[in-house]
Amino acid sequence: MIDLHCHSTISDGALLPTEVVQLAAQNGCTMLALTDHDHTGGLADARTEAMRRNIRFINGVEISTTWRGRSIHIVGLDFDEHDANLQNLLANVRHGRIERAQHIGDKLAKKGIFGAFDGAMALATNPEMISRTHFADWLVQNGHARNKQNAFSKYLGDGKCAAVKHEWADLGDAVRAIIGARGLAIIAHPMRYDLSATARRNLFDEFVALGGHAMEVHSGSCQLNERLNYALAAERHGLLASVGSDFHRLGDYSGGVLGACPELPPICKPVWDYFRSS
56 MIDLHCHSTI SDGALLPTEV VQLAAQNGCT MLALTDHDHT GGLADARTEA
106 MRRNIRFING VEISTTWRGR SIHIVGLDFD EHDANLQNLL ANVRHGRIER
156 AQHIGDKLAK KGIFGAFDGA MALATNPEMI SRTHFADWLV QNGHARNKQN
206 AFSKYLGDGK CAAVKHEWAD LGDAVRAIIG ARGLAIIAHP MRYDLSATAR
256 RNLFDEFVAL GGHAMEVHSG SCQLNERLNY ALAAERHGLL ASVGSDFHRL
306 GDYSGGVLGA CPELPPICKP VWDYFRSS
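This note's numbering puts the sequence shown at residues 56 to 333.
Next comes the structure, spelled out in structure tokens:
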């Protein structure tokens with residue numbers, strides 16, 4: 056069993072890095088990458104636990120990028136975590152997260168909802184990684200929304216009163232930083248982006264031109280037909296295929312089973328065949 060996309064408390068997951076590995080082991084995982092958002096701080100602990108559990112551990116990160124005004128996530132795998140250029144890029148993205156959070160808090164205050172920034176920061180295990188999810192949790196806890204989905208549809212989603220447009224890392228800069236750290240660049244969950252067929256093809260073409268390596272053919276709880284469609288897209292664009300549960304916490308409706316992703320369709324060339332020998 057292989058899982059190359061999951062999250063811990065270092066970003067917006069609910070389990071410690073060691074607990075993520077432990078749960079993956081219980082589910083039969085044999086190869087695991089921890090891919091926290093814009094942060095590699097959990098890799099050392101996760102790697103140590105993976106060695107104890109006889110799981111092959113792959114360095115991972117999920118980088119928030121902007122492409123033509125849209126947020127696109129790029130997973131980096133099997134890179135040198137100490138590469139200075141990559142770490143500088145990640146630090147800049149994390150700084151931008153805090154600035155965005157402050158603007159979200161200001162917008163909510165203008166709507167008469169006070170204390171949201173401090174409340175969301177208190178819910179973030181790692182304050183550097185504060186996200187809209189933390190605001191959604193705070194809004195639910197304080198009676199401003201029925202549930203997390205309602206918090207996004209009412210306040211935080213695109214076009215809503217507390218939405219804040221933000222420029223993440225440039226897509227090209229992120230791909231080049233991963234490659235410069237001797238890693239592989241993967242488009243995360245391509246099925247989730249609200250893109251036209253033409254825009255999606257343009258994204259894949261540009262990603263390939265930048266030197267990108269793969270796309271996630273399976274992510275989260277996607278269905279067989281989606282896997283088949285993205286297997287064909289990967290083949291068409293000459294991209295390798297990756298899989299990931301995108302696990303954040305137990306009971307998450309959108310995440311898959313940690314460490315237990317389905318097999319790739321036969322036409323795929325697995326990204327893990329190109330990992331360096333560990």
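Heads up, the beta-carbon is just placed ideally off N, CA and C, and yes, glycines get one too.
Rounding to the nearest angstrom, what Cα-Cα distance links Arg123 and Asp225 in this structure?
Translated into the one-based positions of the sequence shown, residue 123 becomes position 68. Translated into the one-based positions of the sequence shown, residue 225 becomes position 170. Taking the straight line joining both Cα atoms gives about 9 Å.
Buried or exposed by the 16-neighbour rule on C-beta atoms within 10 Å, applied to Arg291:
Start at 1 with the first residue of the sequence shown, and residue 291 comes out as number 236. With fewer than 16 Cβ atoms within 10 Å of its Cβ, Arg291 is classed as exposed.
Exposure label - His150; buried when at least 16 CB within 10 Å
Position 95 of the sequence shown, counted from the start, is the residue given in the question as residue 150. His150 should be labelled exposed.
Here's a check: name, in chain order, each residue in its chain whose Cβ is nearer than 6 Å to the Cβ of His158, leaving out the five neighbours to either side.
Working through the sequence shown from its first residue, we reach residue 158 at position 103. The residues are Val219.
Where do the ends of the alpha helix (DSSP H) carrying Arg125 lie?
Position 70 of the sequence shown, counting from 1, holds the residue named residue 125. Looking at the DSSP string, Arg125 is not in any alpha helix (DSSP H); the run it does join, the beta strand (DSSP E), is 125-132.
Scan the segment 64-127 and note each continuous alpha helix (DSSP H) run of 4 residues or more that stays entirely inside, going in chain order.
72-81, 98-107
Arg282 classed as buried or exposed, judged by whether at least 16 other C-beta atoms fall within 10 angstroms:
Stepping through the sequence shown from its first residue, residue 282 is reached at position 227. By the 10 Å Cβ count, Arg282 comes out buried.
Less than 8 Å between the beta carbons of Gly227 and Leu265, yes or no?
The residue you call residue 227 lines up with position 172 of the sequence shown. The residue you call residue 265 lines up with position 210 of the sequence shown. Cβ distance < 8 Å, so Gly227 and Leu265 count as in contact.
For Trp193, which residues of its own chain have a beta-carbon under 7 Å away from its beta-carbon, when the five flanking residues on both sides are left out?
The residue given as residue 193 occupies position 138 in the sequence shown. Only Ala171, Gly174, Ala175, Leu178 meet the Cβ criterion.
How is His273 classed by DSSP in three states: helix, strand or coil?
The residue given as residue 273 occupies position 218 in the sequence shown. Correct three-state label for His273: strand.
Measure the C-alpha to C-alpha separation of Ile233 and Glu318 and round it to an integer number of angstroms.
Here residue 233 corresponds to residue number 178 of the sequence shown, with the count starting at 1. Here residue 318 corresponds to residue number 263 of the sequence shown, with the count starting at 1. Rounded to the nearest angstrom, the two C-alpha atoms are 26 Å apart.
What residue range does the beta strand (DSSP E) around Ala177 cover?
Numbered from its first residue, the sequence shown carries residue 177 at position 122. It is not in any beta strand (DSSP E) - Ala177 instead sits in the alpha helix (DSSP H) that spans 171-178.
Helix or strand or just coil, what does DSSP make of Leu239?
The residue given as residue 239 occupies position 184 in the sequence shown. Leu239 falls in the strand class under three-state DSSP.
So, with DSSP's three-state summary, where would you put Ser300?
The residue labelled residue 300 in the question sits at position 245 within the sequence shown. Here Ser300 sits in coil by DSSP.
When you compare the segment 82-94 with the segment 63-71, are there three or more beta-carbon pairs, one atom per stretch, that lie closer than 8 Å?
yes
Determine contact between the segment 291-301 and the segment 267-275, defined as no fewer than three beta-carbon pairs at a distance below 8 Å.
yes
How many Å lie between Tyr248 and Lys165 at the Cα?
What you label residue 248 is simply residue 193 of the sequence shown in a count that begins at 1. What you label residue 165 is simply residue 110 of the sequence shown in a count that begins at 1. Taking the straight line joining both Cα atoms gives about 30 Å.
Terminal residues of the alpha helix (DSSP H) in which Asp192 lies:
Taking the sequence shown and counting its residues from 1, the one referred to as residue 192 is at position 137. Its alpha helix (DSSP H) spans residues 187-196.
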